[in-house]
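Below you'll find the structure, written out as structure tokens, and then a few comments.
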Amino acid sequence: ILAAANPKYGRFDEYRPISEQINLPPTILSRFDLIFFVRDELEETREIARHILDTVTQTEKIAPKISPELLRKYISYARQKINPRLTEEARKRIEEFYVEMREVARDSKDVPIPLTARQLWAIIRIARASARVRLSNNVTLDDVERAIRLVKLSLKQAGVDLETGKFDIDKIMGGVTKSQRDKIKAIIDIIKELEEEFGTAKKVEIIEKAKELGISRENVEELLQKLKRDGSIYEPKHEHYKVVS
Numbered sequence: 011i012l013a014a015a016n017p018k019y020g021r022f023d024e025y026r027p028i029s030e031q032i033n034l035p036p037t038i039l040s041r042f043d044l045i046f047f048v049r050d051e052l053e054e055t056r057e058i059a060r061h062i063l064d065t066v067t068q069t070e071k072i073a074p075k076i077s078p079e080l081l082r083k084y085i086s087y088a089r090q091k092i093n094p095r096l097t098e099e100a101r102k103r104i105e106e107f108y109v110e111m112r113e114v115a116r117d118s119k120d121v122p123i124p125l126t127a128r129q130l131w132a133i134i135r136i137a138r139a140s141a142r143v144r145l146s147n148n149v150t151l152d153d154v155e156r157a158i159r160l161v162k163l164s165l166k167q168a169g170v171d172l173e174t175g176k177f178d179i180d181k182i183m184g185g186v187t188k189s190q191r192d193k194i195k196a197i198i199d200i201i202k203e204l205e206e207e208f209g210t211a212k213k214v215e216i217i218e219k220a221k222e223l224g225i226s227r228e229n230v231e232e233l234l235q236k237l238k239r240d241g242s243i244y245e246p247k248h249e250h251y252k253v254v255s
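First residue of the sequence shown: 11, per this note's numbering; consecutive thereafter.
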């Protein structure tokens, strides 16, 4: 399945979960093997303008190098007749890459999980597709390297936690990165602490305590709204919070 979606606010915000910006829940979004942002980059303005003007002013139609009819037949043949299998070399490379990426997270509890079994299957599917387009029944090392490059590029665009600069698959799978989860836990702990002392947690005091942990006022306000929406906290009176027990 090839799908496209426009962000709710016109442009993608790399700091916000993807699922909040398009009308697709994380459960569906995580089923896609590759996710890419199409950004409006300023340095590409001239190239885009030229392309549009060339399209409008072109007097004669340029024939494609491969006709649509031949391309359809080629794809149909490849899908029906070609069934690529992993060579031993290809299998070892996929295993090596997957284990290598997972080892980084296993060595430290503070490191987010960069890959899950879903990305392993994605690499296999993309590598097989690469072999199939060559009409080959063997998945070679080149096919695997191509698949790994694409998966890493997709993760770099959609799966990097910009606060830590690390791959975090939870950004795609669940919409909440490890760094965000840590902040959410910190806010809940602050509310509980203030609640025990004063009965409720005043917003201004939550902000002050969060500031000591390096969490900005803007971040606190966003997280309080999120926790209210999720039903984790409630507001018995204006700007006073309690944790739902």
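C-beta atoms are modelled at their ideal positions from N, C-alpha and C, and glycine is treated no differently.
Quick check: the Cα distance between residue i and residue j, rounded to an integer number of angstroms?
i	j	result
E249	L63	54 Å
T126	V66	46 Å
G224	G241	25 Å
L130	S40	13 Å
I243	E207	17 Å
K83	N229	53 Å
A100	P78	32 Å
D23	K236	17 Å
D192	P35	22 Å
I72	H61	14 Å
Q90	R239	48 Å
S226	G20	25 Å
R49	I58	12 Å
A220	P246	21 Å
Identify, in the order they occur along the chain, each residue of the same chain with its Cβ nearer than 8 Å to the Cβ of residue i, setting aside the five sequence neighbours on each side.
i	result
E155	R103
L160	L44 and I136
I133	I104, F107, Y108, V154, A157, I158 and V161
P17	D23, Q31 and I32
Just to confirm before moving on: does the CB-CB distance between residue i and residue j stay below 8 Å?
i	j	result
S140	D153	yes
A13	N33	no
L233	I194	yes
V149	A88	no
A168	I28	yes
Y251	I217	no
V253	I198	yes
N147	I92	yes
P94	R138	yes
Specify, as a first and last residue, the run of the alpha helix (DSSP H) that residue i falls within.
i	result
V253	Here V253 belongs to no alpha helix (DSSP H); instead the beta strand (DSSP E) covers H250 to V253.
P36	P36 to L39
I158	L151 to A168
P94	Run containing P94: none; DSSP gives neither H nor E here.
Within 8 Å (strictly less), CB to CB, does residue i reach chain C?
i	result
Q235	Given the protein chain composition of this structure (a single chain), no chain C is represented.
Between which two residues does the beta strand (DSSP E) carrying residue i extend?
i	result
K221	Run containing K221: none in the beta strand (DSSP E); it sits in the alpha helix (DSSP H), K213 to E222.
A72	A small fix is needed here, since residue 72 is Ile in this sequence, not Ala. First-last for I72: undefined, no H or E at that position.
K238	No beta strand (DSSP E) holds K238; the alpha helix (DSSP H) holding it covers R227 to D240.
Identify, in the order they occur along the chain, each residue of the same chain with its Cβ nearer than 7 Å to the Cβ of residue i, setting aside the five sequence neighbours on each side.
i	result
K202	V253
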